[in-house]
Every structure is written in C-alpha cells, then in structure tokens.
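Protein chains: 2
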Amino acid sequence: MQAIITYFQKYLPFSIEEKELIASKVTLRNIKRKQMILQEGLVCKHYFFVVEGCFKMYAVDEKGNQHNLQFAAENDWIADIGSFHSEKPSKLFIEAIEPSVILQVEQQDLYFLYLNIPKLNIIFKVITEHKFIELQNRVLQNISSTAQQRYLNFLEQYPNLSSRLPNTQIASYLGITPEFLSKIRKELSTHN
Amino acid sequence: MQAIITYFQKYLPFSIEEKELIASKVTLRNIKRKQMILQEGLVCKHYFFVVEGCFKMYAVDEKGNQHNLQFAAENDWIADIGSFHSEKPSKLFIEAIEPSVILQVEQQDLYFLYLNIPKLNIIFKVITEHKFIELQNRVLQNISSTAQQRYLNFLEQYPNLSSRLPNTQIASYLGITPEFLSKIRKELSTHN
DNA sequence: CGTATTTATTAACATAGTTTAAGGGTTGTA
DNA sequence: TACAACCCTTAAACTATGTTAATAAATACG
Numbered sequence: 004m005q006a007i008i009t010y011f012q013k014y015l016p017f018s019i020e021e022k023e024l025i026a027s028k029v030t031l032r033n034i035k036r037k038q039m040i041l042q043e044g045l046v047c048k049h050y051f052f053v054v055e056g057c058f059k060m061y062a063v064d065e066k067g068n069q070h071n072l073q074f075a076a077e078n079d080w081i082a083d084i085g086s087f088h089s090e091k092p093s094k095l096f097i098e099a100i101e102p103s104v105i106l107q108v109e110q111q112d113l114y115f116l117y118l119n120i121p122k123l124n125i126i127f128k129v130i131t132e133h134k135f136i137e138l139q140n141r142v143l144q145n146i147s148s149t150a151q152q153r154y155l156n157f158l159e160q161y162p163n164l165s166s167r168l169p170n171t172q173i174a175s176y177l178g179i180t181p182e183f184l185s186k187i188r189k190e191l192s193t194h195n
Numbered sequence: 004m005q006a007i008i009t010y011f012q013k014y015l016p017f018s019i020e021e022k023e024l025i026a027s028k029v030t031l032r033n034i035k036r037k038q039m040i041l042q043e044g045l046v047c048k049h050y051f052f053v054v055e056g057c058f059k060m061y062a063v064d065e066k067g068n069q070h071n072l073q074f075a076a077e078n079d080w081i082a083d084i085g086s087f088h089s090e091k092p093s094k095l096f097i098e099a100i101e102p103s104v105i106l107q108v109e110q111q112d113l114y115f116l117y118l119n120i121p122k123l124n125i126i127f128k129v130i131t132e133h134k135f136i137e138l139q140n141r142v143l144q145n146i147s148s149t150a151q152q153r154y155l156n157f158l159e160q161y162p163n164l165s166s167r168l169p170n171t172q173i174a175s176y177l178g179i180t181p182e183f184l185s186k187i188r189k190e191l192s193t194h195n
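These protein sequence lines are chains U and V, in that order. Following the working numbering, the numbering of the first sequence begins with 4 at its first residue and continues without gaps. Following the working numbering, the numbering of the second sequence begins with 4 at its first residue and continues without gaps.
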C-alpha cells in the first residue's frame with residue numbers, strides 16, 4: 004500500500020491525512036498469471052496501479068487474434084480510459100502476464116479523491132498526458148518505420164519489459180508475427 | 004469569435020461574463036494555405052481552434068518525408084499537446100491545407116481561464132479523452148489491419164475530410180505511399 | 001521432479017506494400 | 001487566362017512481411 008503513496012510523492016508531497024484518505028479508497032489484490040482484471044463487454048470501473056508483476060491490455064479481432072495495445076509493469080497505471088470515463092462496455096481485455104499485485108481505485112472513489120485532494124487531479128492529468136504522448140509517438144513509428152526499427156525502438160524505450168516479456172507478446176505489440184520477429188532478431192544478431 | 008462559444012456550449016452553458024472572459028483571451032487569425040502555425044524546434048505555446056479551413060500536423064523524417072499525425076477541420080482543436088504541457092521544443096509541424104481561420108489561446112491564458120471558469124477544465128478533459136481514444140483506436144488499426152481496411156475505416160470515420168483532402172495526404176496519414184493508395188482505390192472501384 | 005504447455009526458430013512459399021519512372025489531369029495564383 | 005506546381009494513376013521490378021508446418025528449447029506448475 005505504501006507503493007502508491009511513494010509513487011504519488013514523486014510528483015507532489017502529501018499530508019498524513021491525505022495519505023490516509025487515499026489508503027481508505029484503494030484496494031489491494033493478488034492476481035494470478037493469466038487472470039483478467041478487465042474483459043470485453045464489461046465497463047472498466049477501476050484504475051489499476053501495478054505494485055508487482057506485469058499486465059497486457061489487448062483487443063481480440065474476428066479471427067481470434069490478440070493485439071497488444073499496452074503493457075504495464077511496476078509503478079505503472081492501466082485502465083481502458085475510454086470505457087472508464089464514458090462508462091460504456093470495453094472492447095479490451097487486461098490480463099496478468101506474471102503473478103501480480105495491484106492496487107485498484109473505483110471510479111466514484113477516484114472522483115471523490117479528486118474533490119478532496121485536488122493535487123490528484125494534476126497528477127492524473129500528467130499521467131494521462133504522458134500516455135497520450137507515448138501513444139502519439141507509437142502512431143508516428145507505425146506509419147513511418149519498418150518493423151526492425153520499431154523493435155529496436157521498443158528495446159530502447161522499454162529495456163525492462165523487453166527482457167521480461169515473451170517475444171510473442173512483443174511481436175503482437177509491434178503488429179508483426181512472432182515468426183517475422185524471429186527473422187528480425189536473427190538479422191540483428193548476425194549483422195552486429 | 005462566436006464559433007468557439009457555440010462549441011463550448013455544446014458541452015455546458017456559459018454566462019455572459021464567462022463568455023466575455025473567454026473572448027478576451029482568444030485571438031482570431033487568418034491563415035493562408037501552406038502557412039505554418041507550429042514548426043519543429045519551437046515550443047507549442049497555443050491551443051488552436053479551427054473556425055474554418057483545415058490543418059495537418061506532421062513529423063518530418065531524416066529523408067525529408069512528411070508523416071501526418073492528425074488533421075483538424077472546422078470545430079476541431081489542434082496543438083502539440085506534449086510540447087504545450089512540457090514547454091519543450093516540438094518535433095512537429097502544423098500547417099494549413101486550406102486558407103483558414105483560427106482562434107488561438109495562449110498557454111497562460113488557458114490556465115487563467117481554467118482557474119476562473121472551472122467548467123473549462125472539464126471540457127478540455129473531455130476533449131483530451133476523445134483524442135486519446137482516437138489515438139488508441141488508430142494504434143489498434145495500425146497493428147491489426149491491412150492498408151485497405153485502414154483506408155475504408157478512414158473514409159467512414161472522416162467522410163468530411165476524405166472528400167476535402169488530396170489522396171497524398173490521406174496516404175501519409177495511413178502510413179502508405181500514394182501509389183499504393185491508388186492501387187487500393189482501383190481495387191475497391193472495380194470490385195464493387 | 002516430471003509432464004503439459006508455451007515459446008523460439010527455420011524454411012519455402014505467398015501476399016502486401018514500395019520504388020522508380022512516366023504521362024496526363026487539376027488546381028492555385030500571378 | 002495561362003503557367004507552374006501539384007496531384008493521380010499505371011506498371012514492372014523489388015523488398016518487407018505473412019503463412020504454414022515442423023521441430024527443438026524453455027517454462028509453468030501440479
């Protein structure tokens with residue numbers, strides 16, 4: 004539970020009362036590998052903070068293939084922001100890739116905290132801005148770069164993740180097949 | 004100037020005083036075709052509201068090729084949100100595709116308006132959420148769909164834009180060459 | 001510890017998308 | 001109105017990526 008406070012204090016300081024208020028609205032959960040914390044068709048009613056472990060958020064197409072939109076590991080947030088704010092059913096899944104520990108905040112509780120601790124508005128605004136910029140850079144990469152460049156960029160940007168994730172998951176994130184990622188990795192290893 | 008008020012009132016009602024306050028912080032500009040309202044290397048100090056005309060936001064790669072990240076036509080907002088909030092130099096350009104009329108709000112003025120008209124916080128939060136969802140859907144399309152599907156989706160999602168924009172610009176947005184878009188269009192026309 | 005499941009790699013072949021070059025059509029603007 | 005700049009299309013050759021199938025290696029977990 005201390006994890007989330009430490010995280011918030013990287014942005015702004017909090018009083019003891021504020022910390023207690025936050026703690027009272029946040030729930031700790033242990034999540035098994037492959038367990039889902041959001042499924043298609045359900046409204047995303049929580050914001051999730053990853054204390055330990057790793058998650059993927061993905062869509063499933065008509066053919067049943069998964070497409071990874073985002074990963075989240077320690078000290079990262081994950082939620083289907085669209086569904087969360089619109090309160091419409093999500094089209095996405097969020098699933099644990101590793102045994103994990105999360106802290107979750109329900110929508111109403113988050114809004115309650117926003118009202119009582121205005122600083123949190125700012126923090127979540129900054130979090131959202133960062134995610135926005137990340138997404139925009141990814142679009143730019145997708146429309147302008149080759150798969151190999153995107154892979155190298157992923158390694159650089161998420162050295163953490165890239166050593167923890169199976170390549171199948173990375174391939175899905177990059178929008179290529181695992182076989183082709185294999186080919187790329189071979190090229191890179193023989194050519195350097 | 005009325006345009007932006009009408010736009011805001013689609014979300015929430017405003018008093019006369021509030022409208023006057025907004026009007027006092029907003030500047031009207033006429034922009035010629037090909038004129039830039041943001042260039043790489045400069046900090047994006049304004050949020051732009053398009054009253055009339057059309058803009059593209061793009062990055063230029065090492066080879067000098069442009070890659071369109073976003074279009075904005077009537078009643079849409081455009082800015083490099085990353086640069087705007089971080090106050091770091093932008094890597095993007097925003098350029099008029101048609102002779103245009105915009106209303107611009109400077110950063111400090113926007114923050115001033117946020118303080119004095121809290122409703123505006125909500126409106127901009129919603130605007131940003133919509134842009135976020137749009138971006139996320141675009142990433143999903145990019146990693147899961149063929150260029151033809153992406154093109155069809157663009158036609159559906161932006162019927163307006165697609166009839167106004169040269170195909171070269173659409174191709175750049177989709178991340179394909181104009182020649183290949185031509186091939187796609189031919190296929191679609193002969194096959195239906 | 002051992003087995004079921006997942007993961008990584010390879011190769012041959014298929015499809016999607018790019019490059020280059022050329023010609024004809026449109027459009028902006030002096 | 002005319003010219004320059006831009007835009008659209010075609011086609012052939014080329015490169016990037018996908019598909020299928022098979023096998024070996026690594027990992028989860030009872």
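Glycine included, C-beta positions come from ideal geometry on N, C-alpha and C.
Excluding five sequence neighbours on each side, which residues of the same chain lie with their C-beta closer than 6 Å to the C-beta of residue i?
i	result
Q151 (chain V)	I187
R153 (chain U)	Q144 and L177
A6 (chain U)	V54
Q73 (chain V)	M60
Q42 (chain V)	F96
E90 (chain U)	V46
Among the residues of its own chain, which have a CB less than 7 Å from the CB of residue i, if the five just before and after it don't count?
i	result
P121 (chain U)	none
L45 (chain U)	P92 and S93
T171 (chain U)	P181
Y117 (chain U)	L123 and N124
D64 (chain V)	H70
N33 (chain V)	V104
M39 (chain V)	F96, I97 and E98
Check the Cβ of residue i against every Cβ in chain V and list those closer than 9 Å, keeping chain order.
i	result
T131 (chain U)	K128, T131, E132 and F135
When you compare the CB of residue i with every CB in chain V, is at least one pair closer than 8 Å?
i	result
D112 (chain U)	no
I84 (chain U)	yes
Q139 (chain U)	yes
G178 (chain U)	yes
Looking at the C-beta of residue i, does it have a partner C-beta in chain U at a distance below 8 Å?
i	result
H70 (chain V)	yes
V142 (chain V)	yes
G67 (chain V)	no
Residues of chain V with CB under 8 Å from residue i, in chain order?
i	result
D64 (chain U)	S147
List, in chain order, every chain V residue whose beta-carbon is nearer than 7 Å to that of residue i.
i	result
H88 (chain U)	E132
Quick one: what's got a C-beta closer than 8 Å to residue i's C-beta in the same chain, skipping five residues either side?
i	result
S8 (chain V)	Note on residue identity: the sequence assigns Ile, not Ser, to residue 8 (chain V). Excluding residues within five positions, the ones whose Cβ falls inside 8 Å are F17, K22, I25 and A26.
T180 (chain V)	A174
V129 (chain V)	Y14
I126 (chain V)	F11, Y14 and L15
F183 (chain U)	A150 and A174
P161 (chain U)	Looking at the sequence provided, one finds Tyr at residue 161 (chain U) rather than Pro. Only F74 meet the Cβ criterion.
Unbroken beta strand (DSSP E) runs of length 3 or more, entirely within the segment 94-130 of chain U: which are they? 96-99 and 103-109
Along the chain, which unbroken stretches of the alpha helix (DSSP H) at least 4 residues long are found entirely within the segment 141-186 of chain U? 150-160, 162-167 and 170-177
My parser needs the alpha helix (DSSP H) runs of 4 or more residues fully inside the segment 9-48 of chain U; what are they? 19-27
Counting only runs that start and end within the segment 47-73 of chain U, where is the beta strand (DSSP E) found for 3 or more residues in a row? 49-55 and 58-63
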